[in-house]
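Chemist: So the sequence shown is residues 9 to 162, counted in my numbering.
I'd like to ask you about the structure that follows.
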Amino acid sequence: INMELRGKRIVIRKVFLDLLNDETHAKVMFDGIINAVPELTEKSVKIECKSKIKPLNVETGRMQQLFCGWIYGDSFCSSVPATDSATVDAGSTTTAIVDTARSEADDFWKDGVITFTSGNNNGQVRKVVSFENATNTMTLDFAIPYTPQAGDTY
């Protein structure tokens with residue numbers, strides 16, 4: 009199993025029991041690559057990982073994080089983000105939302121949050137990881153349960 013996992017990505021997220029209704033509340037604690045699995049039993053596993061921060065060539069012991077630990081715009085954040093409502097267009101998938109009415113620059117909505125307000129995904133919230141102006145497409149951090157239909161609002 010060691011060779012099957014070597015080089016695979018591992019992400020450890022911290023979740024808060026009182027905030028399980030919204031996936032955007034999970035905080036990434038570690039994001040790295042599996043180097044080896046020296047121990048694997050029925051009750052435990054030991055995994056050696058390499059952090060993805062290594063390529064930054066920073067001194068060990070220095071903390072690398074955003075100034076604020078809260079998710080931008082959530083109820084704990086003191087900043088009020090820009091808001092907008094719009095309609096999903098045809099061609100959207102569970103991880104990419106197409107909206108031809110969008111005219112903002114690339115990555116304008118990056119790190120923002122999208123909340124669906126109608127359709128099968130009503131109430132679903134996801135983080136936007138990128139926005140491409142040329143295709144009018146927002147890419148989500150992970151899939152929503154259903155493919156949005158043209159006319160669904162967010």
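By construction, the Cβ of each residue, glycine as well, lies at the ideal position given by its N, Cα and C atoms.
I want to know whether the segment 148-159 touches the segment 46-56 - three or more CB-CB distances under 8 angstroms.
Modeler: Too few Cβ pairs lie closer than 8 angstroms, so no.
Chemist: How would you call residue 120, buried or exposed, if buried means at least 16 neighbouring beta carbons within 10 angstroms?
Modeler: Residue mapping note: residue 120 aligns to position 112 of the sequence shown, counting from 1. Classification of residue 120: buried, given that the 10 Å Cβ count is 16 or more.
Chemist: If we ignore side chains and look at the alpha-carbon of each, how far apart do residue 56 and residue 28 end up?
Modeler: For this step, residue 56 is matched to residue 48 along the sequence shown. For this step, residue 28 is matched to residue 20 along the sequence shown. Distance between the alpha carbons of residue 56 and residue 28 is about 29 angstroms.
Chemist: With a threshold of 16 other CB atoms inside 10 Å of the CB of residue 21, please say whether the residue is buried or exposed.
Modeler: Taking the sequence shown and counting its residues from 1, the one referred to as residue 21 is at position 13. Burial call: exposed.
Chemist: Return the CA-CA distance between residue 112 and residue 145, expressed in angstroms with no decimal places.
Modeler: Here residue 112 refers to the residue found at position 104 of the sequence shown. Here residue 145 refers to the residue found at position 137 of the sequence shown. The alpha-carbon atoms of residue 112 and residue 145 are separated by roughly 11 angstroms.
Chemist: Taking just the CA atoms, how far does residue 32 sit from residue 136?
Modeler: Counting from one through the sequence shown, the residue named residue 136 turns up at place 128. Counting from one through the sequence shown, the residue named residue 32 turns up at place 24. So the alpha carbons of these two residues sit roughly 10 angstroms apart.
Chemist: Once the 5 residues before and after residue 108 are set aside, which same chain residues still bring their CB inside 8 angstroms of it?
Modeler: Your numbering for residue 108 matches position 100 in the sequence shown. Cβ within range, chain order: 97, 144.
Chemist: Quick one: give me the first and last residue of the beta strand (DSSP E) that residue 44 is part of.
Modeler: Here residue 44 is taken as the residue at index 36 of the sequence shown, counted from 1. Segment 35-48, the beta strand (DSSP E) holding residue 44.
Chemist: Please report how far the alpha carbon of residue 43 lies from the alpha carbon of residue 19, in whole angstroms.
Modeler: The count along the sequence shown starts at 1 and reaches residue 43 at position 35. The count along the sequence shown starts at 1 and reaches residue 19 at position 11. In a straight line, the C-alpha of residue 43 is about 14 angstroms away from that of residue 19.
Chemist: Going by DSSP, name the residue or residues bridged to residue 148.
Modeler: In the sequence shown, counting from the first residue as 1, residue 148 sits at position 140. Note: residue 148 sits in a beta bridge opposite 136.
Chemist: Go ahead and label residue 160 buried or exposed: buried means 16 or more other beta carbons lie within 10 angstroms of its beta carbon, across all protein chains shown.
Modeler: Position 152 of the sequence shown, counted from the start, is the residue given in the question as residue 160. It is buried - the Cβ of residue 160 has at least 16 other Cβ atoms within 10 Å.
Chemist: CB-CB under 6 angstroms to residue 60, same chain, minus the five flanking residues each way: which ones, in chain order?
Modeler: Residue 60 sits at position 52 when you count from the first residue of the sequence shown. Contacts found: 39, 40.
Chemist: Assign residue 56 to one of three DSSP states: helix, strand, or coil.
Modeler: As a position in the sequence shown, residue 56 is number 48, starting the count at 1. Three-state DSSP puts residue 56 in a strand.
Chemist: Mind reading off the beta-carbon distance from residue 123 to residue 162? Whole number of angstroms is fine, and I expect it under 8 angstroms.
Modeler: For the purposes of this step, residue 123 is identified with residue 115 of the sequence shown, where counting begins at 1. For the purposes of this step, residue 162 is identified with residue 154 of the sequence shown, where counting begins at 1. Yes, residue 123 and residue 162 are in contact; Cβ-Cβ is about 6 angstroms, under 8 angstroms.
Chemist: In terms of alpha-carbon separation, which member of 128, 140, 101 lies closest to residue 114?
Modeler: The residue labelled residue 114 in the question sits at position 106 within the sequence shown. Nearest of 128, 140, 101 to residue 114, Cα basis: 140.
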